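One structure is given below, encoded as structure tokens.
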Amino acid sequence: MKVLAVHAHPDDESIWTGGALARFARQGAQVTVLTCTNGEEGEIIGRAEIVEDLAEFRLHELADALDILRVRGQRINLRDSGMAGSESATHPRALVNNVDSAATAVEKFLRAEQPDLVITYGPDGGYGHPDHIAAHDATHEALSRVHADGIDPEVWWTVLYRDGVVEGQKRFALPAGWQWPSQEYLFNGTDEIADVGLELSEAEVTAKREAMAAHATQVWLADGRASEVNPETVTTTHDDVLAGVYALSNLYAYPITRTEHYQLPFGPGPIARAQEQHRWVNE
19 MKVLAVHAHP DDESIWTGGA LARFARQGAQ VTVLTCTNGE EGEIIGRAEI
69 VEDLAEFRLH ELADALDILR VRGQRINLRD SGMAGSESAT HPRALVNNVD
119 SAATAVEKFL RAEQPDLVIT YGPDGGYGHP DHIAAHDATH EALSRVHADG
169 IDPEVWWTVL YRDGVVEGQK RFALPAGWQW PSQEYLFNGT DEIADVGLEL
219 SEAEVTAKRE AMAAHATQVW LADGRASEVN PETVTTTHDD VLAGVYALSN
269 LYAYPITRTE HYQLPFGPGP IARAQEQHRW VNE
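Rendered as structure tokens:
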């Protein structure tokens, strides 16, 4: 089995899909993460003064995370567009201005490797980030180009399942200095619908959590660990039903759940049937 995950920035592969990538790699699949941008516009958690070149720093974090997940990595090397309306979105190398070239890169991979499964975001990018939407558009443009040649992989859209997040928030104490996301923020970044619930093993949970922690400039785990870039520690208590608690630079507290969720945009196909047969998904 071959799996391709198309993500917008370094860290997205771990936060959104780390458990699935670890699962498929453990099962012997050839798993590749194709990262569209180098993350230049990320907000640094911790000691920004020690990070001379954020893109270079984040690419090192990405390499560490991919090693933890035991998957391969490829990059398109476009520029992080930043949030909607930001000046960085006008940069000529920004992903939002190069969707066609990104699609060509994805198409090249699809033709060369012919993966069985492609994972990316839904049309809203998971929560509306322009680069996530651009990654979705590029991936689906590439899929449309290769379809006539018989290259027709199953597609999963990664989502944060709203019920899982809301229930998870009841199961941990808010870390000092962090805050709960508003309902508006929470509902914008989560989804009511999921077709696949990937229940992660302890090893897969550990791989996901450690891969997230590798992105120390972007992800803060409330487990007492420190890093060179973020020497400040924070801890919390949580039920065992959760795998941990994390925040991004906005310090909104989120649970690390033991289930990842995905939508099947084209209806039940080989992967959905595999789930019914307890293969891939439930092994």
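In terms of my numbering, the sequence shown opens at residue 19 and continues consecutively.
Beta carbons: idealized from backbone N, C-alpha and C, even for Gly.
Since this is a predicted model, take the numbers as computed values, not measurements.
Close-in-space but distant-in-sequence residues of the same chain around residue i (CB under 7 Å, 5 per side omitted)
| i | result |
| --- | --- |
| residue 255 | 190 and 191 |
| residue 82 | 232 |
| residue 61 | 267 |
| residue 76 | 28, 56, 57, 60 and 235 |
| residue 69 | 62, 75, 235 and 247 |
8 Å contact criterion, which residue i and residue j should meet: CB distance rounded
| i | j | result |
| --- | --- | --- |
| residue 278 | residue 35 | 7 Å |
| residue 265 | residue 196 | 6 Å |
| residue 273 | residue 187 | 6 Å |
| residue 149 | residue 26 | 4 Å |
| residue 207 | residue 161 | In fact, because the Cβ distance is near 25 Å, the residues do not count as touching under 8 Å. |
Alpha carbon of residue i to alpha carbon of residue j, nearest angstrom
| i | j | result |
| --- | --- | --- |
| residue 114 | residue 259 | 38 Å |
| residue 143 | residue 153 | 8 Å |
| residue 246 | residue 252 | 15 Å |
| residue 281 | residue 175 | 5 Å |
| residue 80 | residue 56 | 9 Å |
| residue 87 | residue 225 | 6 Å |
| residue 193 | residue 261 | 15 Å |
| residue 122 | residue 182 | 36 Å |
| residue 73 | residue 228 | 21 Å |
| residue 103 | residue 184 | 29 Å |
| residue 263 | residue 165 | 40 Å |
| residue 242 | residue 116 | 40 Å |
| residue 32 | residue 52 | 13 Å |
| residue 210 | residue 145 | 13 Å |
| residue 105 | residue 147 | 15 Å |
Residues near residue i by beta carbon distance below 8 Å, same chain, minus five either side
| i | result |
| --- | --- |
| residue 203 | 270 |
| residue 19 | 42, 45, 46, 47, 48, 134, 135 and 298 |
Span of the alpha helix (DSSP H), counted from its first residue to its last, around residue i
| i | result |
| --- | --- |
| residue 186 | 180-187 |
| residue 77 | 72-87 |
| residue 255 | Looking at the DSSP string, residue 255 is not in any alpha helix (DSSP H), and its letter there is neither H nor E. |
| residue 127 | 117-131 |
Residues that DSSP places opposite residue i in a beta bridge
| i | result |
| --- | --- |
| residue 20 | 48 |
| residue 137 | 23 and 174 |
| residue 238 | 265 |
| residue 284 | DSSP output for residue 284 lists no bridge partner at all. |
| residue 272 | 264 |
Residue i, enclosing beta strand (DSSP E) - first and last residue
| i | result |
| --- | --- |
| residue 91 | 90-96 |
| residue 168 | Segment: none, residue 168 is in no beta strand (DSSP E) and carries neither H nor E. |
| residue 281 | 277-281 |
| residue 216 | 214-217 |
Proximal residues to residue i (C-beta, below 6 Å), its chain only, five neighbours per side dropped
| i | result |
| --- | --- |
| residue 213 | 281 and 282 |
| residue 49 | 21, 39, 42, 43 and 89 |
| residue 218 | 37 and 276 |
| residue 169 | 128 and 132 |
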